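A.B. asks:
Number of protein chains: 2
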Amino acid sequence: MGAFERLLDPRGIAVVGASIEASRPGNQTLVALKENGYAGGVYPVNPKYPEIAGYRCLASLAQVEGDCDIAVIALPAPQVAGVLRECAARGIRHAVVLGGGFREAGAGGAALEGELQATARASGVRFIGPNCLGLVNVHARAYAAWGSLTRPPRLAPGPVSVVLQSASFGMSLVIQAAQAGVGFRHVVTSGNEADVSTAEIIDAYVDDPGTRVILSYLEGVADGRRFMAAARRALAAGKPLVLIKAGNTVQGRRAAQSHTANMTGEYDVYRAAFRQCGVIEVDDVQAAVDMVACLLGGRLPAGNRVGVIGGSGGAAAMFADQADLCGLELPAFAAATAEALQASLPPLSVLRNPVDYTAGFPRPQAGLDFERAFQAVIDDPQVDQLAVMFAAAGRRQVAHGGELLARVAASSSKPLVVFSGMDESLAPEGLATLRAAGIPVLASPKRVALAMAKLAAHAGARRALADVRPASAAAGAVDAGTGVDAEAVLRSAGLAGHAGALDEAASKRLASAFGIPVTVDRLLPLEPSLADCEGLPFPVVLKIVSNDIAHKSDIGGVQLGIASPQALLQAARRIVADVRAARPDAALSGLLAAPMVEGALETLVGVVNDPGFGPVVAFGLGGVLAEVLHDMSYRVAPFDAAQARSMIGELRARALFDGVRGRAAVDVDALADVLARVSVLAWSLRDRLLEMDINPLLVRPVGQGVVAVDALAVMR
Amino acid sequence: MGAFERLLDPRGIAVVGASIEASRPGNQTLVALKENGYAGGVYPVNPKYPEIAGYRCLASLAQVEGDCDIAVIALPAPQVAGVLRECAARGIRHAVVLGGGFREAGAGGAALEGELQATARASGVRFIGPNCLGLVNVHARAYAAWGSLTRPPRLAPGPVSVVLQSASFGMSLVIQAAQAGVGFRHVVTSGNEADVSTAEIIDAYVDDPGTRVILSYLEGVADGRRFMAAARRALAAGKPLVLIKAGNTVQGRRAAQSHTANMTGEYDVYRAAFRQCGVIEVDDVQAAVDMVACLLGGRLPAGNRVGVIGGSGGAAAMFADQADLCGLELPAFAAATAEALQASLPPLSVLRNPVDYTAGFPRPQAGLDFERAFQAVIDDPQVDQLAVMFAAAGRRQVAHGGELLARVAASSSKPLVVFSGMDESLAPEGLATLRAAGIPVLASPKRVALAMAKLAAHAGARRALADVRPASAAAGAVDAGTGVDAEAVLRSAGLAGHAGALDEAASKRLASAFGIPVTVDRLLPLEPSLADCEGLPFPVVLKIVSNDIAHKSDIGGVQLGIASPQALLQAARRIVADVRAARPDAALSGLLAAPMVEGALETLVGVVNDPGFGPVVAFGLGGVLAEVLHDMSYRVAPFDAAQARSMIGELRARALFDGVRGRAAVDVDALADVLARVSVLAWSLRDRLLEMDINPLLVRPVGQGVVAVDALAVMR
């Protein structure tokens, strides 16, 4: 295990600010340690009392004898930094700061939190919190915690480890999972994360051999790259990370910020990062519990194709509706499957996918063999997962079905998930059999479909991670850099030392240096002559060039469709006059003549430097409608062409790329290549580039490539 | 009560095809009647047995003595029609046909179903099914049912009545609601609906004084108008209709059709109909159960503004995120509320909306008065509903909170909904107190927000229904007609007797007859002279006119931006030549010169004649991107301008109407008026108009109105 081994599995726990009042955190921790039978050392610290909860009370941390790995600090905010120093003096390496009154409480609190951080750095003590409920090692019964973390239900030991930025909401998630039968290993509430972050906890869970699934509630991370690295480690280790993210909307962000003051940032970027790292993002408590249940089965699908069988046509329709919305496919069966179904199911059954054996399962009758039918569907080569619709099947039916499915599951490595509306009180035997066989049972067909879609996406992310060659500069380089010498590129493009906005010509040279195709433009003087126009590919576009002007067309700085040299001279006079009238302050460095590009799809690509995640690439269609609909997709840079392709496929308007209404399909291969190149540019220049817009980026018909018609980079 | 009083509350039940085998429907019905203690007459019919389940068995229906209102028919499909005739002969007015093998089983079954319908019509016997699980009157313990409808759990009596097109999925919904504490009055599974429809059952529930909330699972309705009338009656009666609709996507529709063969139709149209009738559509089992729990409280909000208070900032952030997504607002509080919060909550509390009193509730301490805080928020004039975030608060806290909220609820008529992650086993007292006070407790903040948003929308639909003046031709006319003499209008537009596609000029005359503004066009001969051009408002558009050509621009039949009479003559020659070359078969009746309209937002409006719902109006933005994104909204015609305004507001791209990126806001008032006029046109001409497209319909800046630039109507 890593740096936090002893934080997660402490040999002894001191409680500074120990109390005899049941409402105080410093009492609840001690009572929890006692009642749960923690076997390590327990050291209450409070000079006022001889003992608390049966433990001998010490006057100070200095008096702690024996191994002690955590000091739980239950004191008012101004006293906490001093205790950290005492921890260091006594050799206690970890603290858990329970109380609030820090950053979330305004300027005074922020100063106290800063003092805490400085003290921790100076002393080498790592701490959880402040403003949290602490942490629990369920297996070791180690409670460095208070509040809901110490109240019923007592968590059962199991392979799920949890990290929560909001303790109270997060514990409602843990409690509901516990009531659904999930067992836990560690629960850490991270509070303000003034020191130890969610990413570090995830890393510790990856290192913990007993953790199989990681569950997290997150509002924001300060260091997005650090979080992504931890999430990728979890993915690579086969420990799925199931996550609920809040603070994603205007009202939600406002609420989150008055709470832990965690930075939330742009949800679009988080969502991109989650997808790039195989994080299984869910949007509600029940979905998280469902997902954990499905992952504990340990099966991942090879694709998104689901075979559905059951006794409820309505459930099948509900499932199929959701499948359509979340990208699952109900494939046609192979001929052998259809034959097996025909031979084994009752006469009025529907033998296509979704299979409906109608009411009366399991009817004892010659020629009926339900197990053969289930087996045939899961074995079908077109099928990646099996969804079983028991719906309202009764106690004996579920019992019989459970036994049958346990055998089918044992014969296959494909995931199978059951929908049953029955709870433990109504179908105890069947549900117990299914659980023992590792088969998740969810209470609606929609929930089964949603979980299966997320299983499929997660499995795809795992495969993509495995596919990455170490030599692939873009995809493998998230932590390592891309191997591009940014300053050399800038020098070669004549841009070394530039700061501020680059003009269009310079911005295009920058793009071109990274292999991004740009229009072949000609820079003309502000008063061009006929000779200057020789060889131009009329019709052309003429545009003003100025470092000082970002939005040329708004002030008459662009003219389209210029058909001849004479027209160009006239247009040049008009443009220069208009621009000078509108922006007398702007330094004009010339005019750019560019070929007109017709018949292409107008897209745009942008680079932003996110405060949490660094360079991020955004992609979308051009035009005001796409802007209003916010039909954009995002990826954290750098990434490869395969990732770029999935980025394109994420747009709601993706059908436009295939060609609609008589238009030709466009060159998605070239587009994906260019998006990956933009991501390499963004990553390589991350210390120099503030933002960049390539707009429009025109995508031509298949085989004809893409071309950047305009570009604007802002350097620092 | 209405026509189905005795079906829902039978004095006696005969079971034709009574059986001694426990797996047979004809046995399960009898056992259920016996075990549940039905007090009416029970008449098994089977000549083979002297008695079944303790009831004396009869040789035929003719032997039934005493009152008998339902014959349950548990016989193979070919024998059912004969039994219906026997019902009629014996004076039994209702039948329940359990078995399948009818329409859902192919052509042979469809013929049997047709025979059943003809027999029922001839005999006056009304029947439920076939292909269903029957029906139950929970209060009377009357089971005309089998399968999951007769299995545990035994439903508790209560005010919720249910109608289900898929019995097995639907029963999983009923079972989950029952396990959540919901009590039931009637459950009807309607199967293939060969005779009695979901709409008729809803009507019967509206007439049933014991029904307060109606719950339905629906795949499709044959008569959309009939369904809407029933849903509107339920809305007017204050009996909310909560509904899950399946078969809405390509894969979902395919699944639904192999099941009950109900027609599903276009989901867009259903969704519009649901909104127009205040139907509370939910998308999953849990959401339905949540909704029923909220409606049983009997409170409806005056608007979409929610006050949030609790001890979990994370829960508040989760709530606020969902509120943002579903149109709920978290308003700023009035000054008095802020003062009350300041005076009553602990020091580190967040006093803005959402209020966070942090951990430790209810801390007994001088100066703290949590009840005052809850009361202040619910009483705030900016607040329509109160959401309480108990999250992971423990047993004693929920008990205390429950008592406090029960008092707060008693003092206010506003809805209040609690989020708690605790179940009955963890917080029994508090949950019981809340339930007794009619306060719903849902297990996630997202679920609270979703339910509150649907409560608000439903309340809005009720208010809109109350707002409709009897004199309002459009809105009041769904069942009554609009009072427009369609044939007179057609005559006045010179269109009486026309069939097939109308050309642009005729289509515009039709639109104009209903007060829809169209461009002032001039019809020119195919070879116009300079004299013909006199007074034209150049620049103009020139378009071919032909009944035979629907898509003019695809074959060169349109030219834009014609600046002069000379250019018009030239354009006319080019257009006629191109069109003749592309469509030598088409009869050309002239050319239309129309003014160019610039600077307007391009929209389109269409009328389709839906097979289930009749005339429906579709509205969206012009352009291929809007088409690909399917950003359209729908309403069943006719409707008024208020409904049209909500239709416009439903578009994802609605921000375009307010003006973005320097564009002017457009004339939404005029647009709403025109959409309502199109709906009156569609309804008035429903027997003549097959479809109509007004595309583009240009919407000018505020105050400048809208104008139809092209139109195409197809008559029959």
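In order, the protein sequence lines correspond to chains A and B.
Using the numbering used here, the letters of the first sequence map in sequence onto residues 1 to 716.
Using the numbering used here, the letters of the second sequence map in sequence onto residues 1001 to 1716.
From the three backbone atoms N, C-alpha and C, an ideal C-beta is built for every residue, glycine too.
Here the structure is a predicted model, which is why all the values come from computation and not from measurement.
Would you mind stating whether Val1624 (chain B) and Val1605 (chain B) have Cβ atoms separated by less than 8 Å?
C.D. replies: Here residue 1624 (chain B) refers to the residue found at position 624 of the second sequence. Here residue 1605 (chain B) refers to the residue found at position 605 of the second sequence. Their beta carbons are not under 8 Å apart, which means Val1624 (chain B) does not touch Val1605 (chain B) by this criterion.
A.B. asks: Cβ atoms of Pro1240 (chain B) and Val1221 (chain B): under 8 Å apart, would you say?
C.D. replies: As a first step, residue 1221 (chain B) is located in the second sequence; it is residue number 221 there, counting from the start. As a first step, residue 1240 (chain B) is located in the second sequence; it is residue number 240 there, counting from the start. Going by C-beta atoms, Val1221 (chain B) is not nearer than 8 Å to Pro1240 (chain B).
A.B. asks: Considering only their Cβ atoms, is the gap separating Asn1192 (chain B) from Arg1103 (chain B) smaller than 8 Å?
C.D. replies: Numbered from 1 along the second sequence, position 103 holds the residue referred to as residue 1103 (chain B). Numbered from 1 along the second sequence, position 192 holds the residue referred to as residue 1192 (chain B). Against a cut-off of 8 Å, the Cβ pair of Asn1192 (chain B) and Arg1103 (chain B) comes out as a contact.
A.B. asks: My assumption, with CB atoms under 8 Å, is that Ala1323 (chain B) sits in contact with Leu1330 (chain B). Please give the rounded CB distance.
C.D. replies: Position 323 of the second sequence, counted from the first residue, corresponds to residue 1323 (chain B). Position 330 of the second sequence, counted from the first residue, corresponds to residue 1330 (chain B). Yes, they are in contact, since the Cβ atoms of Ala1323 (chain B) and Leu1330 (chain B) sit about 6 Å apart, within 8 Å.
A.B. asks: Please work out which residues of its chain come closer than 7 Å, Cβ to Cβ, to Lys446 (chain A), disregarding the five sequence neighbours upstream and downstream, and give them in chain order.
C.D. replies: Taking the first sequence and counting its residues from 1, the one referred to as residue 446 (chain A) is at position 446. Once the five neighbours on either side are set aside, the close Cβ partners of Lys446 (chain A) are Met318, Gln322.
A.B. asks: Identify every run of the beta strand (DSSP E) within the stretch 93 to 119 of chain A, keeping only runs that are complete inside it and at least 3 residues long; order them along the chain.
C.D. replies: Listed in chain order, they are 94 to 97.
A.B. asks: Rounded to a whole number of angstroms, what is the C-alpha to C-alpha distance between Val355 (chain A) and Ala453 (chain A)?
C.D. replies: Taking the first sequence and counting its residues from 1, the one referred to as residue 355 (chain A) is at position 355. Taking the first sequence and counting its residues from 1, the one referred to as residue 453 (chain A) is at position 453. Roughly 19 Å between the two C-alpha positions.
A.B. asks: Give me the DSSP bridge partner(s) of Gln382 (chain A).
C.D. replies: Locating residue 382 (chain A) in the first sequence gives position 382, counting from the first residue. Bridge partners of Gln382 (chain A): none, in fact.
A.B. asks: Would you kindly report the start and end of the unbroken alpha helix (DSSP H) that includes Pro1346 (chain B)?
C.D. replies: Taking the second sequence and counting its residues from 1, the one referred to as residue 1346 (chain B) is at position 346. Note, Pro1346 (chain B): premise wrong, no alpha helix (DSSP H); not H, not E.
A.B. asks: Please specify which runs of the beta strand (DSSP E), each continuous and at least 3 residues long, are wholly inside the stretch 1545 to 1605 of chain B, giving them in chain order.
C.D. replies: The stretch 1545 to 1605 of chain B contains these whole beta strand (DSSP E) runs: 1558 to 1562, 1590 to 1595.
A.B. asks: Does the beta-carbon distance from Leu523 (chain A) to Val545 (chain A) come in below 8 Å?
C.D. replies: Taking the first residue of the first sequence as position 1, residue 523 (chain A) is located at position 523. Taking the first residue of the first sequence as position 1, residue 545 (chain A) is located at position 545. Contact flag set, yes.
A.B. asks: Find the residues of chain B that neighbour Ile175 (chain A), judging by a C-beta separation of less than 8 Å, and give them in chain order.
C.D. replies: Stepping through the first sequence from its first residue, residue 175 (chain A) is reached at position 175. The answer, in chain order, is Ala1392, Gly1421, Met1422, Leu1426.
A.B. asks: Out of A:Lys245, A:Ala653, A:Val279, A:Asp283, state which residue places its alpha-carbon closest to the alpha-carbon of Tyr267 (chain A).
C.D. replies: The count along the first sequence starts at 1 and reaches residue 267 (chain A) at position 267. Closest by alpha carbon: A:Lys245.
A.B. asks: Considering only C-alpha positions, which residue in the set A:Asp223, A:Glu650, A:His186, A:Leu351 is nearest to Glu5 (chain A)?
C.D. replies: One-based indexing of the first sequence puts residue 5 (chain A) at position 5. Of A:Asp223, A:Glu650, A:His186, A:Leu351, the residue nearest in Cα terms is A:His186.
A.B. asks: Could you pull the start and end residues of the beta strand (DSSP E) that Leu1215 (chain B) belongs to?
C.D. replies: Here residue 1215 (chain B) corresponds to residue number 215 of the second sequence, with the count starting at 1. Leu1215 (chain B) -> beta strand (DSSP E) spans 1213 to 1218.
A.B. asks: Would you please verify whether the beta carbon of Arg661 (chain A) is less than 8 Å from any beta carbon of chain B?
C.D. replies: The sequence position of residue 661 (chain A) within the first sequence is 661, counting from 1. Yes, its Cβ sits closer than 8 Å to a Cβ of chain B.
A.B. asks: Since I believe Leu426 (chain A) is in contact with Pro1153 (chain B) (beta carbons under 8 Å), could you give me their beta-carbon distance rounded to a whole number of angstroms?
C.D. replies: Indexing the second sequence from 1 puts residue 1153 (chain B) at position 153. Indexing the first sequence from 1 puts residue 426 (chain A) at position 426. With 8 Å as the limit, Pro1153 (chain B) and Leu426 (chain A) qualify as a contact, their Cβ atoms being about 6 Å apart.
A.B. asks: Opposite His186 (chain A) in the DSSP bridges: which residues?
C.D. replies: Sequence index remark: in the first sequence, residue 186 (chain A) carries index 186 (1-based). In the DSSP output, where bridge partners are listed per residue, His186 (chain A) has A:Asn137.
A.B. asks: In angstroms, rounded to a whole number, what distance separates the CA positions of Leu697 (chain A) and Leu1173 (chain B)?
C.D. replies: Along the first sequence, read from residue 1 onward, the residue named residue 697 (chain A) stands at position 697. Along the second sequence, read from residue 1 onward, the residue named residue 1173 (chain B) stands at position 173. Leu697 (chain A) and Leu1173 (chain B): Cα-Cα distance of roughly 50 Å.
A.B. asks: Distance cutoff 8 Å, beta carbons only. Does Tyr1217 (chain B) sit that close to anything in chain A?
C.D. replies: Indexing the second sequence from 1 puts residue 1217 (chain B) at position 217. Taking Cβ atoms only, chain A reaches closer than 8 Å to Tyr1217 (chain B), which makes this a yes.
A.B. asks: Taking 7 Å as the limit between beta carbons, can you name the residues of its chain near Asp1503 (chain B), skipping five residues before and five after?
C.D. replies: Start at 1 with the first residue of the second sequence, and residue 1503 (chain B) comes out as number 503. Closer than 7 Å at the Cβ level, and outside the excluded window around Asp1503 (chain B), lie Val1545, Ser1546, Asn1547, Ser1589.
A.B. asks: Using the three-state DSSP reduction, which class does Val64 (chain A) fall into: helix, strand or coil?
C.D. replies: The sequence position of residue 64 (chain A) within the first sequence is 64, counting from 1. If DSSP states are grouped into helix, strand and coil, Val64 (chain A) belongs with coil.
A.B. asks: Hey, Ile439 (chain A) and Ala409 (chain A): beta-carbon distance below 8 Å or not?
C.D. replies: To locate residue 439 (chain A), count along the first sequence from 1; it is residue 439. To locate residue 409 (chain A), count along the first sequence from 1; it is residue 409. Cβ distance < 8 Å, so Ile439 (chain A) and Ala409 (chain A) count as in contact.
A.B. asks: What residues from chain A crowd round Leu1330 (chain B), counting only those whose CB sits closer than 7 Å?
C.D. replies: For this step, residue 1330 (chain B) is matched to residue 330 along the second sequence. Gln251, listed in chain order.
A.B. asks: With H, G and I counted as helix, E and B as strand and the rest as coil, what does DSSP make of Val699 (chain A)?
C.D. replies: Residue 699 (chain A) sits at position 699 when you count from the first residue of the first sequence. Three-state DSSP puts Val699 (chain A) in a strand.
A.B. asks: Using only the alpha-carbon positions, how far apart do Ala496 (chain A) and Arg716 (chain A) sit?
C.D. replies: For the purposes of this step, residue 496 (chain A) is identified with residue 496 of the first sequence, where counting begins at 1. For the purposes of this step, residue 716 (chain A) is identified with residue 716 of the first sequence, where counting begins at 1. Their Cα atoms are separated by approximately 11 Å.
A.B. asks: Can you tell me whether Ser507 (chain A) is buried or exposed, with buried defined as 16 or more other CB within 10 angstroms of its CB?
C.D. replies: If you number the first sequence from 1, residue 507 (chain A) lands on position 507. Ser507 (chain A) should be labelled buried.
A.B. asks: For the stretch 73 to 91 of chain A against the stretch 111 to 124 of chain A, do three or more pairs of beta-carbon atoms, one drawn from each stretch, fall closer than 8 Å, so that the two count as touching?
C.D. replies: Short answer: they touch.
A.B. asks: Quick one: what does DSSP say Val418 (chain A) is sitting in, helix, strand or coil?
C.D. replies: Locating residue 418 (chain A) in the first sequence gives position 418, where the first residue counts as 1. DSSP places Val418 (chain A) in strand when its eight states are reduced to three.
A.B. asks: Determine whether the beta carbon atoms of Ile1555 (chain B) and Val1678 (chain B) lie at a separation below 8 Å.
C.D. replies: Position 555 of the second sequence holds residue 1555 (chain B). Position 678 of the second sequence holds residue 1678 (chain B). Not closer than 8 Å, so no.
A.B. asks: Do Gly307 (chain A) and Thr358 (chain A) have their C-beta atoms closer together than 8 Å?
C.D. replies: Residue numbering aside, residue 307 (chain A) sits at position 307 when the first sequence is read from its first letter. Residue numbering aside, residue 358 (chain A) sits at position 358 when the first sequence is read from its first letter. Not closer than 8 Å, so no.
A.B. asks: Measuring straight from C-alpha to C-alpha, what distance separates Val138 (chain A) and Arg226 (chain A)?
C.D. replies: As a first step, residue 138 (chain A) must be located in the first sequence, where it is residue number 138. As a first step, residue 226 (chain A) must be located in the first sequence, where it is residue number 226. Approximately 27 Å between the Cα atoms of the pair.
A.B. asks: Residues in its own chain within less than 6 Å of Gln251 (chain A) by CB, not counting five upstream and five downstream?
C.D. replies: Position 251 of the first sequence, counting from 1, holds the residue named residue 251 (chain A). Within the same chain, Gln251 (chain A) has no close Cβ partners at all.
A.B. asks: By the 7 Å beta-carbon criterion, what residues does the stretch 302 to 314 of chain A contribute toward chain B?
C.D. replies: Within the stretch 302 to 314 of chain A, the residues whose Cβ lies closer than 7 Å to some Cβ of chain B are Gly311, Ser312, Gly313, Gly314, listed in chain order.
A.B. asks: Going by CA-CA distance only, name the one from B:Ser1411, B:Leu1416, B:Val1714 that's closest to Arg1305 (chain B).
C.D. replies: The sequence position of residue 1305 (chain B) within the second sequence is 305, counting from 1. Closest by alpha carbon: B:Leu1416.
A.B. asks: At a Cβ cut of 7 Å, what residues of the stretch 334 to 357 of chain A count as close to chain B, listed as they run along the chain?
C.D. replies: Result list: Leu348, Val350, Arg352, Pro354, Asp356.
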